[in-house]
Structure formats: structure tokens, C-alpha cells
Amino acid sequence: MLGSVPTTPKSFEDYRPVIGDERTEEILALAALLRGARVLHVNATAFGGGVAEILGTMVPLMNDIGLAADWQVIKGADEFFNVTKAMHNSLQGMYYDWTPEARNIWLEYNRLNAELFDDSYDYVVIHDPQPAGILGLVDEMRGTHHGKWVWRCHIDLTDAQAEVWDILRPHVERYDGAIFTLPDYVKDDLHGPTVFCVPPAIDPLSPKNVDLPMETVHEILRRYGVDPDRPMITQISRFDPWKDPLGVIDVYRALKRAVPELQLVMVASMASDDPEGWAWYERTVRRAGEDFDIHILSNLNGVGNVEVNAFQRAARVVIQKSTREGFGLVVSEALWKGRPVVAGNVGGIPLQIVNGKTGYLVNNAEECIDRTLSLLQSPEEADRMGALGIEYVRDNFLTTRYLRDYLNIFRQLSGIAPAVRAPQPQQLRH
0 MLGSVPTTPK SFEDYRPVIG DERTEEILAL AALLRGARVL HVNATAFGGG
50 VAEILGTMVP LMNDIGLAAD WQVIKGADEF FNVTKAMHNS LQGMYYDWTP
100 EARNIWLEYN RLNAELFDDS YDYVVIHDPQ PAGILGLVDE MRGTHHGKWV
150 WRCHIDLTDA QAEVWDILRP HVERYDGAIF TLPDYVKDDL HGPTVFCVPP
200 AIDPLSPKNV DLPMETVHEI LRRYGVDPDR PMITQISRFD PWKDPLGVID
250 VYRALKRAVP ELQLVMVASM ASDDPEGWAW YERTVRRAGE DFDIHILSNL
300 NGVGNVEVNA FQRAARVVIQ KSTREGFGLV VSEALWKGRP VVAGNVGGIP
350 LQIVNGKTGY LVNNAEECID RTLSLLQSPE EADRMGALGI EYVRDNFLTT
400 RYLRDYLNIF RQLSGIAPAV RAPQPQQLRH
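Reading the sequence shown from the start, the letters are residues 0 to 429 in numbering that gives the first Met the number 0.
In C-alpha cells, the structure reads:
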């Protein structure tokens, strides 16, 4: 058996005051015909990154509305996670010299996990490339599989390295369904699974997103040496090349010439499936040097979800200087806290930011500096944008909408209640 991840129970009714009666009753009606269905989510890590955060809410909510949901993580060693990190990067456009040895490592660890797999679920959702080969190997070993299988791709495949996609594609084509964040991420040569385009979402009631008293926010800032009375910008992201942590420090230094009191807080969660993150962490620390107004923090410093919540709420502006991004849930997180976001015009970020209304989309460092400075110098405008951002996220990017999408996908794949429309995100009002 794979490693089962325990989750904290959640009550779906707690979300009614946030989303309203109409949306609440719609989801309960959708769940009624799936009552008792066994659902399994499989990914690479129980902590660190957006997928683990999503599953920490999605699985207990599925259980609360009547499904029997579980979350398991695959087993792997450093050699496997080094290969899958390279696969992740190459699928997002970075060239990687893919060798037969790397391919064999990926396959062998997928085979190991396929051997451990308990194939008795009605719906299996496999997240991202790391475990994507399990279905084909289960079929190879057992001749068939039980239930409907869905591959959930959280990354941007627009410029995927052809050699690596050609390795992954035959495995993905065995699935009943495939979920992508945006239509642009779907490869033209993918045949077989029913394709769904559904963006992810945030949990408004999680410790990371729930309201915090301002005195608590200030107490947390002081604990980490951040002055709550001075302006601060922040980026919450893993340390990797696509998040451009070195560029964030360069932007801060340019801004500090105009705003001498400015502080920068960078927070990352160091994940077990991301060995490259340690190298980028060290590079980021070196770039920061001895500037005591740059605070580089992680879960290793005791920074958890509540602390991230506080840093996002305290920031005058939240930056997300991504050069590639599957979606970037941290954007919706910051908007939900009423903070404007200045972010790279890439991936799923433009889906979340209404440019000029809830934040700014930028294409280079100069634009990032200019837009951030304008918000630092106009706090009333920043607050106005933040207020619009809260309602935009409420309409489009809360976990209850994502739950509804999963229910629709399961029912469509099983042919249950065909009158239910195919899942689509709510109309985005730009």
C-alpha cells in the first residue's frame, strides 16, 4: 500500500456563510448520486507546494459530503525525485538532456508504486508527472484496472520539451480523463482521455487564509524580526528558477532606493520532492547578503500556514515574479486577504488578476518595479484594488467551486445524470 496521508476533518456547512445558500445547495445536490463512491488522490508529497495544500482540504470535504475519499503519496528515493524535478522543469520549457537511465528510473519507481497500489477505488486522481505511469503499469501487471482514472496536470505544458512529453504521453493516454488548468496547456497530440479545463482554488477557512486579528499579525512579524510599522513586500513561493527569487531581490533593491524603509519577506516551503530547492535557497541567501531588511524564511524556521497568512496580510504589495507558472495559488491567496498583487504575465496568473483592477500583470523587471512602486506610494489605491480582489476570488477561486468541478467530472466520466453540464470555471468578469 502507498503511504496514506491523514487529514483534519472539515465541515462543508462551514462554507455556507462564505459562498451563500445557492452554491452550497448546488454542490450537495451534485454529491447526492455519488454518495459512498471511493475516491483516491495520489501525489508525490504530503507537504510543500500547492497540490498538497489543495488535497489537505479537498479530501476531507469530499468525505464530509458523502464520498469515501483517501489521499496517498508515492514512495521514492532521491534519484527518483531528481529525475521528476528535471521532468517537471523540462515539461515547462527548460531543456534537459533526457537519458535512457533517467527514463528507466522514472519507470522503475512507478512500477514499484504500481505494485503497492490497492486497486479498489471508483475514482483515482493521479496528480502531475511523478506518478503518471502507475495506471499503465497496473494494467500491465494485472491486465485491467478498477474504476475511472483521471490525470490531473498542474503545470504549464505549452512549451514542453518534445522528448520528455513523448515519454509521458503514452501513459497519460491510458487515463479516462485528464484535467488541465487552462485550455492552452492541453497538447494537440494527446488522444484518449476526456479533457477537462479547471483551475485550482484556495480554502478560505484554512489557517493560511482565515481572518487574523491585526495584533496577531504584528506579533508574528516581530517574532521574525520584521517591523510592522515599516512598509513590506513579500513573495511566497518555492525556491526554484521559475519563481525568479534572485530577481525578486533585485526588484526590492531598486525599490529601496525610492522607499528606504522597505522590507522584503520571502517565504518558501521546502518540499521532500524538490531537491533543487535547496540549491536555489542557497543562491537566494547569497544574493541577499547582509541586508538585514531581507528576511528569507521557510518551514525550517517554523514558518507555517498561520505565519504565511500574517505575512501576506501585512504586505503593502504581494509580488509573484514568476517566469513560468502552472497556476500560482499564492496569487488568489493574497487577493483573498485584500492585498494587490504584482505578478508575471504567465501561465494561470492572468486568469486571477484583473489587470489594473485587482493588481498588475508585468512582463519584465522594470514593469514590476514601476507597478510595485506606484502601489507603495498610493496606499489608498492599493486598498481599493485589494477590496476588489476579495470579491473576485470569492466568485471564482474558492475550494468549493473546485469541489463542484470534481463532482461534475466524476459524474460525467461514469455517465451519471448526463444533464449535468460539463465542468467549467465560472465566467471570469474582467
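Just so you know, even glycine gets a beta-carbon here, dropped at the ideal spot from N, CA and C.
Going along the chain, which residues of its own chain have a beta-carbon closer than 6 Å to the beta-carbon of residue i, five neighbours each way excluded?
{"i": "GLN423", "result": "Unreliable positioning characterises GLN423 in this predicted model, as indicated by a pLDDT of 46, which lies under 50. The coordinate reading is nonetheless provided below. The answer is none, since no qualifying residue turns up."}
{"i": "ALA85", "result": "TYR95"}
{"i": "VAL305", "result": "PRO206"}
{"i": "THR398", "result": "THR56, ALA200, ASP202"}
{"i": "ASP158", "result": "GLY92"}
Go ahead and pull the three-state DSSP assignment for residue i.
{"i": "ALA441", "result": "Past the boundaries of the shown model lies residue 441; the chain is included only from 0 to 429, so the question cannot be answered."}
{"i": "ASP138", "result": "helix"}
{"i": "ASN354", "result": "strand"}
{"i": "TRP279", "result": "helix"}
{"i": "ALA342", "result": "strand"}
{"i": "CYS367", "result": "helix"}
{"i": "ALA421", "result": "Because the pLDDT of ALA421 is 40, which lies under 50, any placement of that residue in the model is unreliable, and the number read from its coordinates should be weighed accordingly. Of the three classes helix, strand and coil, the one that applies to ALA421 here is coil, per DSSP."}
{"i": "HIS126", "result": "strand"}
{"i": "GLU114", "result": "helix"}
{"i": "MET61", "result": "helix"}
{"i": "ASP404", "result": "helix"}
{"i": "SER89", "result": "helix"}
{"i": "HIS144", "result": "coil"}
{"i": "TYR359", "result": "strand"}
{"i": "THR157", "result": "coil"}
{"i": "PHE291", "result": "coil"}
{"i": "VAL4", "result": "coil"}
{"i": "ALA333", "result": "helix"}
{"i": "ASN168", "result": "In the sequence on display, residue 168 carries Arg and not Asn. It is helical."}
{"i": "VAL17", "result": "helix"}
{"i": "GLN411", "result": "helix"}
Against chain D, does residue i count as a neighbour if the rule is that its beta carbon must be under 9 Å from one of theirs?
{"i": "ILE348", "result": "Considering every chain present, this structure includes no chain D. It has just one protein chain."}
Given residue i, which residues of its chain have a CB within under 7 Å of its CB, disregarding the five upstream and five downstream residues?
{"i": "GLY438", "result": "Given a span of 0 to 429 for the chain in the structure shown, any question on residue 438 remains unanswerable."}
{"i": "GLY135", "result": "HIS170, ARG173"}
{"i": "VAL329", "result": "ILE235, SER236, GLN319"}
{"i": "GLU332", "result": "ILE201, LYS207, ASN208, GLN311"}
{"i": "GLY2", "result": "GLN71, VAL72, LYS74"}
{"i": "ARG22", "result": "THR399"}
{"i": "GLU162", "result": "TRP97"}
Looking at residue j and residue i, is the spacing between their C-beta atoms short of 9 Å?
{"i": "LEU473", "j": "VAL4", "result": "This structure does not reach residue 473, given that the chain is present from 0 up to 429, and the question cannot be answered."}
{"i": "VAL41", "j": "VAL124", "result": "yes"}
{"i": "VAL307", "j": "LYS242", "result": "no"}
{"i": "ALA76", "j": "VAL38", "result": "no"}
{"i": "ALA267", "j": "TYR251", "result": "no"}
{"i": "CYS152", "j": "ASP188", "result": "no"}
{"i": "LEU29", "j": "LYS74", "result": "no"}
{"i": "ASP118", "j": "ARG141", "result": "yes"}
{"i": "VAL197", "j": "ASP404", "result": "yes"}
{"i": "VAL132", "j": "ASN109", "result": "With the sequence shown as reference, residue 132 is identified as Gly, and Val is not the correct amino acid for it. Yes, the Cβ-Cβ distance between GLY132 and ASN109 is below 9 Å."}
Keeping to the same chain, check which residues put their C-beta closer than 8 Å to that of residue i; ignore five residues upstream and five downstream.
{"i": "THR7", "result": "GLY55, PRO59"}
{"i": "ASP13", "result": "LEU204"}
{"i": "LEU156", "result": "LEU90, GLN91, TRP164, PHE179, TYR184, VAL185, LYS186"}
{"i": "VAL82", "result": "ALA101, ILE104, TRP105"}
Return the Cβ separation of residue i and residue j in integer angstroms, given the expectation that the two are a contact with Cβ distance under 8 Å.
{"i": "LEU406", "j": "LEU33", "result": "6 Å"}
{"i": "VAL317", "j": "THR233", "result": "6 Å"}
{"i": "ILE368", "j": "LEU220", "result": "Their Cβ separation, rounded to whole angstroms, is 24 Å, which puts ILE368 and LEU220 out of contact at 8 Å."}
Any chance the CB of residue i is under 8 Å from a heavy atom of the ligand COA?
{"i": "THR6", "result": "Ligands in the displayed structure: none, and consequently the ligand COA is not present."}
Requested in this report: Please go through the segment 221 to 276 and give each complete beta strand (DSSP E) segment of 3 or more residues, from N-terminal end onward.
Outcome: For the segment 221 to 276, whole beta strand (DSSP E) runs of length 3 or above, ordered along the chain, are 231 to 235, 262 to 267.
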